[in-house]
């Protein structure tokens, strides 16, 4: 007899647990009778980090799918609009900047934009020549107008958000509207079935809770996949050295301070500082390698950075929170009837906001490919593991690219990051190709690449990488590319004039949400 999959038990809350619960419950109509049952067990004593997080544009469709309005999300999660990342001092540490915007270059795939840029606009950066979004970000403009429908866009965007408030919103939404059962209790033990599957989760006060599929969202502890099943953890600290972060919540000097449209990523002596602008505060943190630096040096550099915006005395009053992690991921992510999502499956570092994106991708694939029977699960698990081993490898490659292209010489940290032994073989091969041809769709062939070839172009050419082209080809279409570049320059002032500031749009959405709440 086929054993049907009818009950999903998620262990651990936070963004990983609740976003997974929301996507599964929404997809399988768990609020209706005789559908998939979703239960989430959450410890009452797990504290959230709450440093502020960035998302990819995919979060818009995720929120829409699970039924949360954009005005509710922005209002409840202290959210702002993110249109990409800005990298400062990564190339040589001399004040240089470049963007990785969320919009692909105009005409991407239709012309050789790199060759056209070198031919027609070498004095400007690649991103500002090929994409209108850099000018919008420089002006701290929002990605759309107040009249633009929810989740629609003039320019592509994701969000910055308060992760603690986001988890709270998801909790309310899942339990009130999506039919998710919420148990606040301590997990005390795991009972195994005869075939080695997890049969039940033992809790301190709520008894034993069964399930057909168990999802591990217990963070770095990985209590199910790592501790119970002993699935090995594959360290990646020989490639990416950062293993510690110091995080701060930084106040604005006044309520009218401009909110940045990008994550600011500033390279420092032994790592880099993220700076995320929320409506009420900034989330700032220094990610670094403990093998190359000590905590006091990092705290001093972090304080100096923050002092530039709020003053030395106020900066010295802030106390950073230290977060330690081991960069890497599990050898497999779905083992027997258990799949890990979020930090329970792995963590690299916050560069390029891949953590939340991987949660989305994981939860989406689980919800859409949820096996109907236990017999089917083995095949689904293999496909899932293959897909995510590939995705983790591409994340590692892409993040490493930022470091190995740097010309900084102010510490062993940057020298070591350029060492050949720290560069993945596949990435080294790609770099050899890219010295003679620009990154293209032929380099990254999966249907849902975690970073498309356009992203590699932004990083390569923002960091000064040189692609040698020996002769023109018909498909280069340089005249067409020139037209694209001219259109971008013509549109810049119009877009900046027509789009409101981030703060103006956020205040408009908050007012709309408050009015809607009053009318209920």
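Numbering (my numbering), first residue to last: 28 to 547. Every residue gets a Cβ at the ideal spot worked out from N, C-alpha and C, and that includes glycine. Quick caveat: nothing in here was measured; it's all calculated off a predicted structure.
Under the Cβ criterion (8 Å, minimum of three pairs), the region 439 to 454 does not count as touching the region 498 to 518.
Nearest to residue 520 by alpha-carbon distance, out of 123, 82, 165 and 69, is 165. Bridge partners of residue 127 according to DSSP: 112. Ranked by how close their Cα comes to the Cα of residue 178, the residues 31, 96 and 159 have 96 in first place. Taken through DSSP and simplified to helix, strand or coil, residue 275 comes out as strand. With contacts defined by Cβ atoms closer than 8 Å, residue 214 and residue 228 form a contacting pair.
Taking C-beta separations shorter than 7 Å and ignoring five residues to either side along the sequence, the partners of residue 307 in its chain run 105, following chain order. The shortest C-alpha to C-alpha distance from residue 397 to any of 422, 374 and 366 is the one to 366. For residue 103, the enclosing alpha helix (DSSP H) has its first and last residue at 97 to 103. Cβ-Cβ distances below 8 Å link residue 384 to 82, 83, 85 and 477 in the same chain, with the five nearest sequence neighbours on each side left out; the list follows chain order. Sequence-distant Cβ neighbours of residue 158 in its own chain, meaning closer than 6 Å and more than five residues away, are 128, 130 and 132.
If you check the CB distance, residue 53 and residue 94 come in under 8 Å. With 16 or more neighbouring CB atoms inside 10 Å of its own CB, residue 433 falls in the buried class.
Annotation: the region 463 to 507 contains the following complete segments of the alpha helix (DSSP H) (minimum length 4 residues), in chain order: 480 to 489.
In the structure shown, residue 414 adopts helical secondary structure according to DSSP, grouped into three states. In the structure shown, residue 309 adopts extended strand secondary structure according to DSSP, grouped into three states.
Beta-bridge annotation (DSSP): residue 135 is paired with 138. With a cutoff of 8 Å on beta-carbon distance, residue 523 and residue 244 are scored as not near each other. In the three-state DSSP reduction, residue 325 falls in the helix class (H, G or I). Between residue 289 and residue 484, the C-beta spacing is not below 8 Å.
Between residue 252 and residue 362, the C-beta gap is smaller than 8 Å, which places the two residues in contact.
In terms of CA proximity to residue 259, 249 leads the group 431, 210 and 249.
The beta carbon of residue 395 sits closer than 8 Å to the beta carbons of 54 from its chain, once the five residues preceding and following it are set aside; these are given in chain order. Contact between residue 49 and residue 240 is ruled out by a C-beta separation of about 16 Å, above the 8 Å threshold.
Taking a contact as a CB-CB distance under 8 Å, the pair residue 479 and residue 169 does not count as one, their CB atoms being some 24 Å apart. For residue 187 and residue 101, the gap between their C-alpha atoms comes out near 10 Å. With distances taken between CA atoms, residue 264 lies nearest to 449 out of 449, 533, 47 and 66. Of the residues assessed, residue 73 falls on the exposed side of the cut-off, its CB having fewer than 16 other CB atoms within 10 angstroms.
Per the Cβ contact rule, the region 371 to 381 is in contact with the region 347 to 356 (3 or more Cβ pairs under 8 Å). In the DSSP assignment, residue 86 falls within the alpha helix (DSSP H) that extends over 85 to 93.
Only residues of its own chain outside the window of five on either side were considered, and among them 68, 230, 231, 232 and 233 have a CB closer than 7 Å to the CB of residue 212, listed in chain order.
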